[in-house]
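Q:
There are 2 protein chains.
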Amino acid sequence: MPHPHIVPGFDAAGFTAGIKKNGKPDLALIASRVPCKAAAVFTKNKFPAAPVIYDRQLLAHNPEGVYGVLINAGCANACTGVPGKANARLMAEWTERALGASDQSFFVMSTGVIGVQLPMEKLEKGIPEVAAKLRPDGWDDAANAIMTTDTRPKLFSHQVEIDGQTVSFTGIVKGAGMIHPNMATMLSVIATDISMAQPLLQQALKTAVDVSYNRISIDGDTSTNDTVLVLANGLAGNVEISDVGSPSYAAFVDALSAIAIVLAQAVVRDGEGVTKFVTVNVSGALSNDDAHTIANSIATSPLVKTAFFGNDANWGRILCAAGYAGVDLDPDRADLVIRDNDGGTVQLVKAGLPTDYQEKDAAAIFKQPEFTIHVTLGLGTGEATVWTCDLSHEYVTINGDYRT
Amino acid sequence: MPHPHIVPGFDAAGFTAGIKKNGKPDLALIASRVPCKAAAVFTKNKFPAAPVIYDRQLLAHNPEGVYGVLINAGCANACTGVPGKANARLMAEWTERALGASDQSFFVMSTGVIGVQLPMEKLEKGIPEVAAKLRPDGWDDAANAIMTTDTRPKLFSHQVEIDGQTVSFTGIVKGAGMIHPNMATMLSVIATDISMAQPLLQQALKTAVDVSYNRISIDGDTSTNDTVLVLANGLAGNVEISDVGSPSYAAFVDALSAIAIVLAQAVVRDGEGVTKFVTVNVSGALSNDDAHTIANSIATSPLVKTAFFGNDANWGRILCAAGYAGVDLDPDRADLVIRDNDGGTVQLVKAGLPTDYQEKDAAAIFKQPEFTIHVTLGLGTGEATVWTCDLSHEYVTINGDYRT
């Protein structure tokens, strides 16, 4: 039985280069043995980190002939000015040299503390070491080496049939604080052996991100380093997909979205201090955008999130957060139902008023580690789902002394 | 020496009507012996509480002949449907009856738990009791009776000369969770004896709110009940102010703004679990609106606020929050200086890069209970200041079990 994470033609590795103070692995490398098409989505933060600036230029310059990505944890290389940009470039060059790859064929990513220059001597020594460890089943090591406050490595794989061929996907992701707009430093790499024209790969990634990573984060509200990268090396043997109207393209988008959703949800589940994974579903809005705005308003409210932590089915805070989302609502049409994963449901609000539910029944659902909140607005057919978590003491502890 | 909070013609009182479970005062009444002009600013939440709906109609119907306001704590009368609206009206009617006042001459405000009907029998008994306690120096009792999670009553008074007359102001305010967009249930009443045309009073209040309460909260992001009410009974003896271009109008706006700022800052200082009061000043933006947007983004970032709590001068998080505010920036022009109330300053960032400051010097400022963050963008002349606080363990504790 083959290793579950293998994607034909790809190797991965992790290494301890000494960038993290705690002596844990901090350097990951993913490399294809043949050239890849690349697609990427980057942070919209106006202070983008040096690796983001480097990768944007690389994607514009060489989207069809890249070989992989080097990722370090422990230092974000953000707010580091001209030296930081030079260091990002050097990271890529040293990787290309270590692997005998062509110029401008490797992406770079960084995560960790902002405002500190990379320890380049450690990278110069570490990059040949991590390159020497590359192997087809090295994905666990790579996922482990990109962690910061993550409590566990996050990687998933699956395979689908497209155009009569088996197409493989393996994705890794590193977590993101509390997984909220302004807190996420989220890095993800998804490798696949699909054969696909590069513009379609980019379009497919945007579609997949909109139903996955953008459901745990609000557009535009991202950290200095957030990056999602897809590498496609074409070894699956399918006829290159070049038509967005084709069944093959649709099948690929579905498969890419599926793994992106699993990865994004894993980030929420492993958020800092998280004890609850909560799905917020809003329907009956005037538009999907309205529904998404309201769902995000609920999902990011500190008052709602502390109520999750406290097992308190405080529907007033949920409706209040819906009410200040800035979207037109009719209070007298709003319903609110909570549901656990075993199918137990309690309707808390009907037509804007509390029902005669029993508080203990509602609390029983809020005590579950995972549950869903359904808000129905009765105005139209707009619908959206986002995933969020609670706000706990542990979150305050982790972030009160992150740098010490 | 007169009582410092007396405003000629106004009486105030507090009473324990039994609405709060903890047996603390929960009913406040403010009444003028002569008719008042009224002005008010209400929440923009799409689920406005019943008293907000009632007060909006009263303000539209009778802005020049009101006598005061009745306020209860312990129950917000929000999400209470048709019965809630009828109860808000009854509160007002019982108050008018108790004082022999004309119909539709009293405002009502409520704060507390959402989604529960008011205990009307307690109000019916309590309203005549609180009315019997009205007296010119009853402001402390009124400020005490409107508290929810506030730790202390908040009231301020001052007097200014306008048109050769002494004009008095007394304001009370109740706190607002963590004083952030989505958390504030903020009620404030300011009484004054100025003589002023009602449309100007409304205009003056909007101007004052923009530099005070709106600096601790983002427009549109307000709770179900937020209300700021000004009552002006005209007993100061000045010639009625009817010209927005007059020195008297300008003097009144200044005086009203000054007390509103003091009240708003007091709300932040008494926020739930607050250990730090932080002023965020942004200058050099392309516009005042841009500066305000960036200042709010910094002031509401949970990562920034937990760093305040942890005494961690984590400037990377501050710039990151500026960067995702959605406003155009030039990272290479951004400066960041922190300053304590004794004038000690440390420049952390110059032209987008960290300076060679000593971490212990920065931490010494962040350890103060009050300090200021100055972000300079180098793009224009836009400037804004907002006030915020830290995010502490105590906040999570208070809000994890607010209803239990």
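Read top to bottom, the protein sequences are chains F and P. Counting in the numbering used here, the first sequence runs from 1 upward without gaps. Counting in the numbering used here, the second sequence runs from 1001 upward without gaps. Ideal placement from N, C-alpha and C gives every residue a C-beta, glycine not left out. These figures come from a predicted structure and were not determined experimentally.
Around the Cβ of Asn1238 (chain P), are there at least 16 other Cβ atoms within 10 angstroms (buried) or fewer (exposed)?
A: buried
Q: Nearest by alpha-carbon distance to Tyr67 (chain F): which of F:Ala49, F:Val396 and F:Ala38 is it?
A: F:Ala38
Q: Buried or exposed, going by whether 16 or more other CB atoms sit within 10 Å of the CB of Gln1202 (chain P)?
A: buried
Q: Step through the CB atoms of chain F and report whether any lies within less than 8 angstroms of the CB of Lys1020 (chain P).
A: no
Q: Taking the straight line between their C-alpha atoms, what separation do you get for Val230 (chain F) and Gly382 (chain F)?
A: 30 angstroms
Q: Measuring CB to CB, does Ile469 (chain F) end up less than 8 angstroms from Thr224 (chain F)?
A: In the structure as shown, chain F begins at 1 and stops at 404. Residue 469 (chain F) is therefore absent and cannot be evaluated.
Q: Once you ignore the five residues that flank Ser168 (chain F) on each side, which residues in its own chain have a CB closer than 6 angstroms to its CB?
A: Result list for Ser168 (chain F): Val7, Gln159 and Asp193, in chain order.
Q: Does the contact criterion of 3 or more C-beta pairs under 8 angstroms hold for the stretch 1244 to 1263 of chain P versus the stretch 1064 to 1084 of chain P?
A: no
Q: Cβ closer than 7 angstroms: which chain F residues qualify as neighbours of His1393 (chain P)?
A: The answer, in chain order, is His393 and Val396.
Q: Answer yes if the stretch 311 to 319 of chain F comes into contact with the stretch 282 to 297 of chain F, meaning at least three C-beta pairs across the two stretches below 8 angstroms, and no otherwise.
A: no
Q: Helix, strand or coil for Ile30 (chain F) per DSSP?
A: strand
Q: Using a Cβ-Cβ cut-off of 8 angstroms, state whether Asn45 (chain F) counts as contacting chain P.
A: At least one chain P Cβ lies under 8 angstroms of Asn45 (chain F).
Q: Given a cut-off of 8 angstroms on the beta-carbon distance, is the pair Ile1207 (chain P) and Val1278 (chain P) in contact?
A: One detail in the question is off: residue 1207 (chain P) reads as Thr in this sequence, not Ile. With respect to the 8 angstroms criterion, Thr1207 (chain P) and Val1278 (chain P) are not classified as neighbours on the basis of their beta carbons.
Q: Can you pull the chain F neighbours of Cys1320 (chain P), defined as C-beta to C-beta under 7 angstroms?
A: Asn45, Phe47, Ile114, Ser223 and Thr224
Q: For Gly1323 (chain P), which residues of its own chain have a beta-carbon under 7 angstroms away from its beta-carbon, when the five flanking residues on both sides are left out?
A: Leu1329
Q: Which term fits Val274 (chain F), buried or exposed, when burial requires 16 or more other beta carbons within 10 angstroms of its beta carbon?
A: buried
Q: Taking DSSP as the reference, what is the three-state secondary structure of Phe309 (chain F)?
A: Here Phe309 (chain F) sits in helix by DSSP.
Q: Since Thr1293 (chain P) is in the alpha helix (DSSP H), which residue starts that stretch and which ends it?
A: Membership of Thr1293 (chain P) in the alpha helix (DSSP H) is indicated by the continuous run Asn1288 to Ala1299.
Q: Which first and last residues belong to the beta strand (DSSP E) in which Gln347 (chain F) is found?
A: Thr345 to Lys350
Q: Looking at chain P, which residues of the stretch 63 to 86 of chain F have a Cβ within less than 8 angstroms of any of its Cβ atoms?
A: Ala76, Ala78, Cys79, Thr80 and Gly81
Q: Does any residue of chain P have a CB that is nearer than 8 angstroms to the CB of Pro331 (chain F)?
A: Residue contact check for Pro331 (chain F) against chain P: a CB pair falls below 8 angstroms.
Q: Expressed to the nearest angstrom, what Euclidean distance is found between the alpha-carbon atoms of Leu1200 (chain P) and Ser1105 (chain P)?
A: 20 angstroms
Q: Any chance the stretch 1114 to 1134 of chain P sits against the stretch 1093 to 1101 of chain P, with 3 or more Cβ pairs inside 8 angstroms?
A: yes
Q: What does Glu1370 (chain P) pair with, by DSSP beta-bridge criteria?
A: P:Phe1277
Q: Buried or exposed: which applies to His1061 (chain P), given that a residue is buried once 16 or more other Cβ atoms fall within 10 Å of its Cβ?
A: exposed
Q: Contact criterion: CB-CB distance below 8 angstroms. Does Gly1323 (chain P) meet it with respect to chain F?
A: Closer than 8 angstroms: yes.
Q: So, under 8 angstroms CB-CB, Ala1017 (chain P) and Leu1134 (chain P) are touching, yes? Tell me the CB distance rounded to an integer number of Å.
A: Not quite, the Cβ-Cβ distance comes to about 15 angstroms (not below 8 angstroms), so this is no contact.
Q: Would the stretch 1281 to 1293 of chain P count as touching the stretch 1249 to 1264 of chain P if we require 3 or more Cβ pairs under 8 angstroms?
A: no
Q: Determine the DSSP secondary structure at Tyr1067 (chain P), reduced to helix, strand or coil.
A: In this structure, DSSP gives Tyr1067 (chain P) an extended state, which the three-state scheme calls strand.
Q: Consult DSSP for Pro1035 (chain P) and reduce its assignment to one of helix, strand or coil.
A: Under the three-state reduction of DSSP, Pro1035 (chain P) is assigned to strand.
Q: Of the residues P:Ile1365, P:Gly1175, P:Ser1257 and P:Asp1335, which one's Cα is nearest the Cα of Ala1204 (chain P)?
A: P:Ser1257
Q: The beta strand (DSSP E) that contains Cys1079 (chain P), what's its start and end?
A: Counting along the chain, Cys1079 (chain P) falls outside any beta strand (DSSP E), and DSSP gives it neither H nor E.
Q: So what does DSSP say about Gly1171 (chain P), is it helix, strand or coil?
A: strand
Q: Taking DSSP as the reference, what is the three-state secondary structure of Phe1252 (chain P)?
A: helix
Q: Considering Lys122 (chain F), what are the terminal residues of the alpha helix (DSSP H) in which it resides?
A: Per DSSP, Lys122 (chain F) is one residue of the alpha helix (DSSP H) stretching across Met120 to Ala132.
Q: Please determine, among P:Asn1341, P:Ala1362 and P:Asp1342, the residue with the shortest C-alpha to C-alpha distance to Val1349 (chain P).
A: When only C-alpha atoms are compared, the closest one is P:Ala1362.
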